[in-house]
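Inspection log for the structure reproduced underneath, given as structure tokens.
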């Protein structure tokens, strides 16, 4: 095993592009957050969330524990949730998610029988922010521009015809 | 090295690109500017290869969009029409034999076919190679894609070891 500190790829709430940092394998999550706060100058970043999970990772856990499982983008976030309003034609649904929620998870929730009750699978739909189509694996915190509320539009996937 | 090659190499080293690579969505195979070969993961289908090789011409990047084709790395040519991704109604439109490019607004050559349509899908300032690859990955993982006769080996350039499933 290499002694070089591993590169950690992560998303940051309020930033569209992911970042990377090298952190010693035995760093704790608390130490990792401190490193990110130093790099970004953003003291409000206090939590680390695994993609699509709602509970922050405990501060005493070690970075290497995250690296030993299959890749899931981690998200460094401020406290709290982001309120999401999903507009679909003339209807809308609303709910809070953690910043690490993917667009795919939000689509699954929005089209579910208890919400918009739409036919088809999540792969048949996409979320848009204005005119921008959001990738299915983008995190909510990456698209909310640092706000704690965002309105997205649910549409059928656009498929150009000849 | 010209500014277009510099920009492309920088974007291939970006965190956004690497997140997609770590997710197993694509992997760079070879870059001999302006030609870039990227293997793109396809949805698992009963009849279909795990990966397709994409050959991109990135001249002028990022000022102009790349143009690309699904490529047979063994034969050194575009994948024949009958081996491309098909759906219920035949070959998927984006991979049809319109010209030597993807038939999709993201592609430099095809864009003019929809001059005032699909602005959100087209290349524009701020878009990068990751966006292009996200688009192609999305096409290859769309429910409309049902089958492809391309052999798995077509996704590999000569001299590469063909993996049964590299993910």
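Chains as they are written, first to last, in our numbering: chain A, 1 to 162; chain B, 163 to 329. Just so it is clear, CB atoms sit at the ideal spot from N, CA and C, and this is done for glycine as well. Here the structure is a predicted model, which means the values were calculated and not measured.
Tell me, please, whether the CB atom of residue i is closer than 9 Å to any CB atom in chain B?
{"i": "residue 158 of chain A", "result": "yes"}
{"i": "residue 119 of chain A", "result": "no"}
{"i": "residue 97 of chain A", "result": "no"}
{"i": "residue 145 of chain A", "result": "no"}
{"i": "residue 71 of chain A", "result": "yes"}
{"i": "residue 9 of chain A", "result": "yes"}
{"i": "residue 128 of chain A", "result": "yes"}
Using the C-alpha atoms, what's the distance from residue j back to residue i?
{"i": "residue 84 of chain A", "j": "residue 94 of chain A", "result": "6 Å"}
{"i": "residue 293 of chain B", "j": "residue 217 of chain B", "result": "16 Å"}
{"i": "residue 193 of chain B", "j": "residue 199 of chain B", "result": "6 Å"}
{"i": "residue 25 of chain A", "j": "residue 251 of chain B", "result": "51 Å"}
{"i": "residue 231 of chain B", "j": "residue 219 of chain B", "result": "9 Å"}
{"i": "residue 47 of chain A", "j": "residue 77 of chain A", "result": "5 Å"}
{"i": "residue 102 of chain A", "j": "residue 295 of chain B", "result": "19 Å"}
{"i": "residue 164 of chain B", "j": "residue 201 of chain B", "result": "25 Å"}
{"i": "residue 31 of chain A", "j": "residue 306 of chain B", "result": "46 Å"}
{"i": "residue 138 of chain A", "j": "residue 180 of chain B", "result": "14 Å"}
{"i": "residue 150 of chain A", "j": "residue 130 of chain A", "result": "11 Å"}
{"i": "residue 6 of chain A", "j": "residue 243 of chain B", "result": "43 Å"}
{"i": "residue 81 of chain A", "j": "residue 109 of chain A", "result": "16 Å"}
{"i": "residue 8 of chain A", "j": "residue 208 of chain B", "result": "35 Å"}
{"i": "residue 277 of chain B", "j": "residue 247 of chain B", "result": "26 Å"}
{"i": "residue 289 of chain B", "j": "residue 20 of chain A", "result": "20 Å"}
{"i": "residue 206 of chain B", "j": "residue 96 of chain A", "result": "33 Å"}
{"i": "residue 245 of chain B", "j": "residue 260 of chain B", "result": "15 Å"}
{"i": "residue 67 of chain A", "j": "residue 105 of chain A", "result": "23 Å"}
{"i": "residue 189 of chain B", "j": "residue 183 of chain B", "result": "6 Å"}
{"i": "residue 263 of chain B", "j": "residue 71 of chain A", "result": "32 Å"}
{"i": "residue 54 of chain A", "j": "residue 100 of chain A", "result": "8 Å"}
{"i": "residue 69 of chain A", "j": "residue 304 of chain B", "result": "27 Å"}
{"i": "residue 227 of chain B", "j": "residue 28 of chain A", "result": "42 Å"}
{"i": "residue 328 of chain B", "j": "residue 203 of chain B", "result": "For residue 328 of chain B, the predicted structure reports a pLDDT of 47, less than 50, and the residue's modelled location is therefore unreliable. A value from the coordinates is still provided. Computed Cα separation, rounded: 10 Å."}
{"i": "residue 233 of chain B", "j": "residue 49 of chain A", "result": "39 Å"}
{"i": "residue 92 of chain A", "j": "residue 107 of chain A", "result": "13 Å"}
{"i": "residue 323 of chain B", "j": "residue 314 of chain B", "result": "11 Å"}
{"i": "residue 171 of chain B", "j": "residue 196 of chain B", "result": "11 Å"}
{"i": "residue 158 of chain A", "j": "residue 169 of chain B", "result": "29 Å"}
{"i": "residue 178 of chain B", "j": "residue 11 of chain A", "result": "10 Å"}
{"i": "residue 152 of chain A", "j": "residue 45 of chain A", "result": "24 Å"}
Quick one: using the 10 Å Cβ neighbour count with 16 as the cut-off for buried, is residue i buried or exposed?
{"i": "residue 316 of chain B", "result": "buried"}
{"i": "residue 75 of chain A", "result": "buried"}
{"i": "residue 89 of chain A", "result": "exposed"}
{"i": "residue 36 of chain A", "result": "buried"}
{"i": "residue 112 of chain A", "result": "exposed"}
{"i": "residue 98 of chain A", "result": "buried"}
{"i": "residue 286 of chain B", "result": "exposed"}
{"i": "residue 64 of chain A", "result": "exposed"}
{"i": "residue 301 of chain B", "result": "buried"}
{"i": "residue 156 of chain A", "result": "exposed"}
{"i": "residue 4 of chain A", "result": "exposed"}
{"i": "residue 241 of chain B", "result": "buried"}
{"i": "residue 274 of chain B", "result": "exposed"}
{"i": "residue 309 of chain B", "result": "exposed"}
Residue i versus chain B: which residues are under 9 Å apart at the beta carbon?
{"i": "residue 5 of chain A", "result": "Correct list: empty, because the minimum Cβ distance to chain B is about 16 Å."}
{"i": "residue 18 of chain A", "result": "176, 177, 178, 180 and 181"}
{"i": "residue 122 of chain A", "result": "Per Cβ cutoff of 9 Å: no residues; residue 122 of chain A is ~10 Å from chain B at best."}
Check whether chain E comes within 9 Å of residue i, counting only Cβ atoms and requiring the distance to be less than that.
{"i": "residue 125 of chain A", "result": "Here chain E cannot be found, since the structure's protein chains are A and B."}
Name, please, each residue of chain B whose Cβ falls closer than 8 Å to the Cβ of residue i.
{"i": "residue 132 of chain A", "result": "282"}
{"i": "residue 113 of chain A", "result": "Correct list: empty, because the minimum Cβ distance to chain B is about 20 Å."}
Can you pull the chain A residues whose beta carbon is under 8 Å from the beta carbon of residue i, in chain order?
{"i": "residue 266 of chain B", "result": "160"}
{"i": "residue 258 of chain B", "result": "162"}
{"i": "residue 334 of chain B", "result": "No information on residue 334 of chain B is available, as it lies outside the stretch 163 to 329 that chain B covers here."}
Would you say residue i and residue j are within 9 Å of each other, going by their C-beta atoms?
{"i": "residue 43 of chain A", "j": "residue 146 of chain A", "result": "no"}
{"i": "residue 59 of chain A", "j": "residue 86 of chain A", "result": "no"}
{"i": "residue 215 of chain B", "j": "residue 319 of chain B", "result": "yes"}
{"i": "residue 136 of chain A", "j": "residue 119 of chain A", "result": "no"}
{"i": "residue 325 of chain B", "j": "residue 211 of chain B", "result": "no"}
{"i": "residue 268 of chain B", "j": "residue 161 of chain A", "result": "no"}
{"i": "residue 187 of chain B", "j": "residue 299 of chain B", "result": "yes"}
{"i": "residue 238 of chain B", "j": "residue 191 of chain B", "result": "no"}
{"i": "residue 126 of chain A", "j": "residue 133 of chain A", "result": "yes"}
{"i": "residue 175 of chain B", "j": "residue 224 of chain B", "result": "no"}
{"i": "residue 39 of chain A", "j": "residue 73 of chain A", "result": "no"}
Could you name the residues of chain A that residue i contacts, counting a contact when the two beta carbons are closer than 7 Å?
{"i": "residue 276 of chain B", "result": "160"}
{"i": "residue 224 of chain B", "result": "Per Cβ cutoff of 7 Å: no residues; residue 224 of chain B is ~15 Å from chain A at best."}
{"i": "residue 273 of chain B", "result": "Within 7 Å Cβ-Cβ: nothing; residue 273 of chain B doesn't reach chain A, min ~10 Å."}
{"i": "residue 242 of chain B", "result": "The contacting residues do not exist; residue 242 of chain B stays about 19 Å from chain A at best."}
Under 9 Å between C-beta atoms, does residue i make it to chain A?
{"i": "residue 255 of chain B", "result": "yes"}
{"i": "residue 189 of chain B", "result": "no"}
{"i": "residue 328 of chain B", "result": "Its pLDDT being 47, under 50, residue 328 of chain B is placed unreliably by the model, and the measurement read from it follows with that caveat. So, not an interface residue."}
{"i": "residue 300 of chain B", "result": "yes"}
{"i": "residue 245 of chain B", "result": "no"}
{"i": "residue 279 of chain B", "result": "yes"}
Output, in chain order, the set of chain B residues within a Cβ distance shorter than 7 Å of residue i.
{"i": "residue 135 of chain A", "result": "296"}
Applying a beta-carbon distance threshold of less than 9 Å, which residues of chain A neighbour residue i?
{"i": "residue 184 of chain B", "result": "9, 71 and 73"}
{"i": "residue 196 of chain B", "result": "Ordered by position in chain A, no residue passes the 9 Å Cβ test against residue 196 of chain B, which lies about 24 Å from the chain."}
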